[in-house]
Amino acid sequence: MNIFTSLYLKFSKNRFSRTFKPLGIKKKRNFLISAPSDVSDFLKTLPFIEGLKKLGNIVILMPKNLENIYRYMKPKIFETIFYEEPSQLFSKEYRRLKEKLNNKSFHFLIELNRPANISLPYLASTEKRICFYEKNSFPYYNIMIKHSINSLEQFFNIKSSNPQSLFHFYARDLKKTLKKFNKKKPLLFINGENDITWKGDKIVVGTDILSSDPEVYKILYFSDAYHGQCDALYEFVKIFDKRIVKS
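Heads up: the sequence shown is residues 37 to 283, going by our numbering.
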């Protein structure tokens, strides 16, 4: 961050200091959500986003590295705006996002990244701006939530729900995908050491498929069980209640 931007942030923060009205959510509301840049963290927020969409319309700012998982999500549930890198005040990316959001109004801005990006509140005039607690985020964000995503669910009084309904996989892809990888069901997806006995076929990350392959989530969805690391792929199989096989 250059000196000019740093000084501008420091001396312009009073614009965010005005108080806001009570939080009662009776009418449909418009939400601007900044999705976590980490895939694993993004998947953990989906039960909250699934619950929040019942309260109103959602626009999500999403980093490009989430495209592989997003391609399997239903396209009309919320509006998505992708970005190459986190928006910094006065940057080319900031100006592009500002233009995209220019004709939109929001009741809530929800930043799900840690640390919070204090340039985001400048993108849209939003009365209630939420992030996870950090001492340097006020007054850019005027509602700060401690602890985890569960605290956000409690704040909005919504129930955590299974985000399976956010995804859509075509049954006709099953045979085509399994044929491509020469695999049959029952299929065990291995994301780690291949040191486990399984009565069926296995597909191994690093040998049969890369974790960065766009089809990895399709293979996970079609697999019968999972063995390996507790990373983004693990978070995905939890959503679909896949059997977790341990050594």
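Even for Gly, the Cβ is constructed at its ideal location relative to N, Cα and C.
Measuring only the C-alpha atoms, how far is residue i from residue j?
| i | j | result |
| --- | --- | --- |
| Ile226 | Phe142 | 43 angstroms |
| Thr233 | Val240 | 13 angstroms |
| Glu120 | Ser42 | 22 angstroms |
| Lys90 | Leu148 | 19 angstroms |
| Leu82 | Tyr253 | 16 angstroms |
| Asn198 | Glu251 | 22 angstroms |
| Ser73 | Lys128 | 19 angstroms |
| Ile117 | Glu229 | 37 angstroms |
| Pro58 | Gly242 | Low confidence applies to Pro58: its pLDDT is 49, below 50, so where it sits in the model is not reliable enough to give any reading. |
| Phe276 | Met109 | 13 angstroms |
| Asn50 | Asn139 | 24 angstroms |
| Lys211 | Val273 | 20 angstroms |
| Ile185 | Arg107 | 24 angstroms |
| Leu45 | Lys182 | 24 angstroms |
| Met98 | Ile85 | 13 angstroms |
| Phe144 | Phe174 | 16 angstroms |
| Gln200 | Tyr177 | 31 angstroms |
| Ser283 | Ala268 | 20 angstroms |
| His263 | Leu79 | 18 angstroms |
Which class does residue i belong to by DSSP, given the choice of helix, strand or coil?
| i | result |
| --- | --- |
| Ser247 | coil |
| Lys216 | helix |
| Ala268 | helix |
| Pro58 | With a pLDDT of 49 at Pro58, under the threshold of 50, the predicted position of this residue should be treated as unreliable, though the coordinate-derived value follows. Of the three classes helix, strand and coil, the one that applies to Pro58 here is coil, per DSSP. |
| Leu125 | coil |
Excluding sequence positions up to five away, which residues of its chain have a Cβ less than 7 angstroms from the Cβ of residue i?
| i | result |
| --- | --- |
| Leu88 | Phe67, Ile94, Phe192, Ile194 |
| Phe126 | Thr41 |
| Asp209 | Lys254 |
Checking the sheet assignment: what are the DSSP bridge partners for residue i?
| i | result |
| --- | --- |
| Phe144 | Phe67, Lys164 |
| Ala207 | According to DSSP, Ala207 bridges with nothing at all. |
| Gly228 | Note: Gly228 sits in no beta bridge, so no partner. |
| Arg279 | Ala261 |
| Ile179 | Ile166 |
| Leu223 | Asp237 |
Enumerate in chain order the residues of its own chain whose CB-to-CB distance from residue i is below 6 angstroms, with the five nearest sequence positions on each side excluded.
| i | result |
| --- | --- |
| Ile166 | Ile146, Ile179 |
| Pro222 | Gly236, Asp260 |
| Ile96 | Ile69, Ala71, Phe114, Thr116 |
| Pro151 | Glu170 |
| Ser196 | Pro83, Glu189 |
| Leu137 | Leu159, Ala160 |
Taking the beta strand (DSSP E) that residue i falls in, what are its first and last residues?
| i | result |
| --- | --- |
| Leu188 | That residue, Leu188, is in no beta strand (DSSP E); its alpha helix (DSSP H) goes 185-191. |
| Phe118 | 115-119 |
| Asn93 | 92-99 |
Let's see if you can read the secondary structure: which residues bound the alpha helix (DSSP H) around residue i?
| i | result |
| --- | --- |
| Val241 | Counting along the chain, Val241 falls outside any alpha helix (DSSP H), and DSSP gives it neither H nor E. |
| Asp77 | 75-88 |
| Tyr106 | 103-106 |
Note down, in chain order, each residue of its chain lying with its Cβ closer than 8 angstroms to the Cβ of residue i, except the 5 sequence neighbours on either side.
| i | result |
| --- | --- |
| Leu214 | Lys220, Lys221, Leu223, Phe258 |
| Lys100 | Phe118, Tyr119, Glu120 |
| Phe217 | Ile239, Asp244, Ile245, Ile255 |
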